[in-house]
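Going line by line, the protein sequences match chains P and D.
Everything in the first sequence is counted per this note's numbering, starting at 1 for the first residue and increasing by one.
Everything in the second sequence is counted per this note's numbering, starting at 1 for the first residue and increasing by one.
Let me begin by presenting the structure, written as structure tokens, before commenting on it.
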Amino acid sequence: AQTVTQSQPEMSVQEAETVTLSCTYDTSENNYYLFWYKQPPSRQMILVIRQEAYKQQNATENRFSVNFQKAAKSFSLKISDSQLGDTAMYFCAFMKQNDYKLSFGAGTTVTVRA
Amino acid sequence: GAVVSQHPSRVICKSGTSVKIECRSLDFQATTMFWYRQFPKQSLMLMATSNEGSKATYEQGVEKDKFLINHASLTLSTLTVTSAHPEDSSFYICSAEQGNYGYTFGSGTRLTVV
């Protein structure tokens, strides 16, 4: 079974600043997918960014970028120019190729201060 | 974009009764859907994988007779909580796999058993 660890239960950041969320995972697989999901107070799960393990280049999506370190099994998320609307719980998730089941970390609550 | 509609958003039921939650993919066909349970400020726990036209696959520790899943069409999966008790009170979320390892989540159902 895959384990996804998010060691930061809560993070606070000033508007317009940058915050980095950590995520590590444990797997013996070589091919897999990693995701960051956002769950705002509405509780709707929203995909933030996704990374295929076979790609060395780190994924970016506007103000969101990841630092994927395959050997270290680390997948951190950087939120740049934080906005009030970024306030949410962020979940890191892992999926084995061809398995289709997501394993979620415990989540990190991010609060953006005005 | 892909949309998954989940109903009801909130339901209160009496202990001992059954409650049905629907999850519909509105603009795509979903061979596979997933049901999660989430406690306040905690992660999503996968309960079962729902496959169109076949029996659901339940995760370890999830009572299949308690949580009945039906996936009778390519756009609809239902979760029925049978003989509900207060400990079944939780937030239930469905998601649909839309191909290429993409997932769309429903907006969730808050179940309260009194």
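We treat Cβ as the ideally placed atom computed from N, Cα and C, and that holds for glycine.
Quantities reported herein were computed from a predicted structural model and do not represent experimental measurements.
- Item | Residues that Phe-91(D) contacts on chain P, provided the C-beta gap is smaller than 9 angstroms | Arg-43
Given this structure, state the Cα-to-Cα distance separating Glu-52(D) from Gln-14(P), to the nearest angstrom. 46 angstroms
From what residue to what residue does the beta strand (DSSP E) around Phe-68(P) run? 64-69
Practice task
Quick one: list the residues of chain D neighbouring Ala-59(P), beta-carbon separation under 8 angstroms, in chain order.
Solution key: By Cβ distance, chain D contributes nothing, its closest Cβ being about 13 angstroms from Ala-59(P), past 8 angstroms.
Burial state of Thr-60(P), where buried means 16 or more other Cβ atoms lie within 10 Å = exposed
So what does DSSP say about Asp-86(P), is it helix, strand or coil? helix
Original post:
What residues match up with Gln-39(P) in a beta bridge as DSSP calls it?
Top reply: Met-89(P)
TODO: Look at His-71(D) and Ser-77(D) and say whether their C-beta atoms are less than 8 angstroms apart.
DONE: yes
Between Tyr-37(P) and Leu-47(P), is the Cβ-Cβ spacing less than 8 angstroms? yes
Check your understanding: By Cβ distance, which residues of its chain are closer than 6 angstroms to Phe-35(P), with the 5 residues on each side in sequence left out?
Key -> Arg-50, Ala-93
Exercise. Under a CB-based cut-off of 8 angstroms, is Tyr-90(P) close to chain D?
Worked result: no
Report the residue from Thr-18(P), Tyr-25(P), Glu-17(P), Ala-16(P) whose alpha carbon sits nearest the alpha carbon of Gln-6(P). Tyr-25(P)
Original post:
For Val-66(P), which residues from the same chain have a beta carbon less than 8 angstroms from its beta carbon, with the 5 sequence-adjacent residues on both sides left out?
Top reply: Leu-34, Trp-36, Ile-49, Gln-51, Asn-58, Ala-59, Thr-60, Phe-75, Ser-76, Leu-77, Lys-78
ask   = So is Tyr-103(D) in contact with chain P if we call contact Cβ pairs under 8 angstroms?
value = yes
Review point. Does the separation of the CB atoms of Ser-107(D) and Gln-6(D) fall below 8 angstroms?
Key: yes
Task: Neighbour-count burial assignment, Ala-88(P), 16 or more Cβ in a 10 Å radius - done: buried
Check: If you run the structure through DSSP and keep just helix, strand and coil, what is Glu-17(P)?
Finding: coil
Which of helix, strand or coil DSSP assigns to Asp-88(D): helix
Residue environment, Leu-26(D), which counts as buried when at least 16 other CB atoms sit within 10 Å: exposed
Query - Endpoints, the beta strand (DSSP E) within which Met-45(D) is located - result: 44-51
Which same chain residues end up closer than 6 angstroms to Arg-110(D) when comparing Cβ atoms and leaving out the 5 residues on each side of it in sequence? Arg-10, Phe-91
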